[in-house]
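Reviewing the structure listed below.
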Amino acid sequence: MAPRISVIGTGYLGATHAAGMAELGHEVVGVDTDASRIRALAEGRVPFYEPGLPELLRRHVESGRLRFTTDLAEAAAFADVHFVCVGTPQGPGGAADLTALHRVVDDLVPALRRTALVVGKSTVPVGTAEALVERIARLRPSVEVDLAWNPEFLREGHAVEDTLRPNRLVLGVPSPAAEWALRQVYARPLADGTPVVVTNLPTAELVKVSANAFLATKISFVNAMAELCEVTGGDVAALADALGHDDRIGRKFLGAGLGYGGGCLPKDVRALIARATELGTPESVDFLHGVEAVNARRRQRVVDEALGALRRTGPWLHGRVGVLGAAFKPHSDDVRDSPALDVARRLSREGAWVTVFDPQASVTARTVAPELRYAANAVAACRKADVVLHLTEWPEFADLDPARLLEAARGRVLVDARNTLDPAPWLAAGWDVRTLGTLVGV
Ligand code: NAD
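As structure tokens, then:
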């Protein structure tokens, strides 16, 4: 019989995973301590922006295959496999804060009345799972409880596709029985040929943080090359194309620009540095300090470019900046450690009058950055702006009418901090286009 599933923690990861598991044919209960979130999900409403997820959620809530509760005991009684998807935010000194994870284990394990497999999906420092095995033993469960780690690689904005058709499955398992149970859960993607790596607990934990550290490194590498291009007259876009043709390197994640952000990459890089230090091998990840430094410099570089332009256009205190984008990346309303919002807020702190437009993230941005102004569209954000900054590469920004924006603006400097706008129509309309390390108008 197929295992019944609980998903504990229904944020970006858990809500998508719960709906995805129902789509794969399972009976699922989602659990969260946040009652308003549970109410929304139970009514078929997704409390964040994720393309395709509302339809999936509604379908399975209506079919009765997916339900939600705040009662962990209900999940303990119902499910055979418990996916733990709670947040592991950055704690003091950069290390991951495991408070939520510990609380779930402490509450769940004593409530279990049937043999269970607890599966960690949250991103954690290596060694966490082995410590949890000991924690579970100390809780003296009345039934057999196994712990596995199955890290998640979904990308916000593509989360549904990544959940239903993952590009790989990593199963960190302590026993053949745990592997068998997870193979039952993922029977459909496995039958479709999804590659699977079966390994031990520490490797599974490390795969996730090392994947994110690698991606951050790739972004910072190309951004370091952008810095060199800027001082030598090189063109980082052509350089990235040339590098990308080498299939040992690949073109993905070689987009030079404002750098990485979001709820995962920055915190996972810092957590890996903190964990390596705890383990007595800080030198293994020394290079990640360089990765972080390049990333931080890119944000400052855009702030400086904007302030420089404001100074040239007039009394820059109270100069106006129009900002296109607040989300940390397109197709998302997530503003956690968003480079776009960080740049906008720094300029506001410098005394600029900053107005932001984002197609989806204005509501989430306003909650963390209420000091900024938010416009209903791009033209309104650029009205009377001395400088316009393109900070999140939403595809619709490529379709903006540069002439209309120039009419609305007061100045004519456009900083394309994502290097994704075609400069030709902007130049033709009269904009002074600045990019990060690419050549414009040649
Ligand atoms: P999130 O903050 O959106 O969601 C966490 C949820 O857990 C919240 O709804 C919170 O109320 C709930 N929660 C906290 N304590 C709880 C408890 N004791 N019982 C039940 N629910 C509880 O976080 P997220 O972005 O979904 O990330 C979760 C984990 O997944 C993190 O470790 C993250 O690094 C990892 N991850 C996230 C993504 C992503 O794209 N967001 C991708 C891969 C991995």
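0 is the number of the first residue of the sequence shown in numbering that gives the first Met the number 0; add one for each residue after it. Quick reminder that beta carbons are idealized off the backbone N, C-alpha and C, glycines included.
Backbone CA spacing between residue i and residue j [nearest angstrom]
i: G51; j: R372; result: 30 Å
i: L40; j: P369; result: 27 Å
i: L168; j: A21; result: 18 Å
i: D145; j: P88; result: 25 Å
i: V446; j: G86; result: Outside the displayed span of the chain (0 to 441) sits residue 446, for which this structure offers no information.
i: L111; j: G261; result: 35 Å
i: S337; j: P329; result: 11 Å
i: K383; j: G318; result: 9 Å
i: E49; j: S331; result: 6 Å
i: T363; j: L23; result: 31 Å
i: Y259; j: L287; result: 13 Å
i: R182; j: V195; result: 10 Å
Exposure label - residue i; buried when at least 16 CB within 10 Å
i: S35; result: exposed
i: Q359; result: buried
i: T434; result: buried
i: H25; result: buried
i: F213; result: exposed
i: A339; result: buried
i: P265; result: buried
i: K251; result: exposed
i: R298; result: buried
Close beta carbons around residue i, own chain, < 7 Å, minus the five adjacent residues each side
i: G93; result: R269, A270, I272 and A273
i: W430; result: P401, L405, R411 and L413
i: V206; result: P150 and V169
i: V235; result: V221, M224, A225, C228, A255, G436 and T437
i: N199; result: G171
i: V197; result: L170, V172 and E178
i: P165; result: F152, P188 and T193
Helix, strand or coil at residue i according to DSSP, with G and I counted as helix
i: I248; result: coil
i: A115; result: strand
i: L446; result: Given that the chain is displayed from residue 0 to residue 441, the structure contains no residue 446 and the question cannot be resolved.
i: Q359; result: coil
i: Y11; result: helix
i: S337; result: coil
i: S283; result: helix
i: A270; result: helix
i: A377; result: helix
i: F67; result: strand
8 Å Cβ shell around residue i - same chain, five flanking residues per side excluded
i: A74; result: S5, I7, V28, V30, T68, H81 and L107
i: H389; result: L323, G324, F396, L413, V414, D415, A416, R417, T419 and L420
i: C263; result: T122 and N211
i: V103; result: I7, G8, L71, V83 and V85
Sequence-distant residues of its chain with Cβ nearer than 6 Å to residue i (five each side left out)
i: L12; result: C84 and E151
i: I37; result: D31, F67 and T69
i: G19; result: T162 and L163
i: A158; result: T15 and E49
Residue interval of the alpha helix (DSSP H) (run including residue i)
i: A239; result: V235 to G243
i: F213; result: L200 to T231
i: W425; result: P422 to A428
Unbroken beta strand (DSSP E) run spanning residue i, endpoints
i: H81; result: V80 to V83
i: H389; result: V386 to H389
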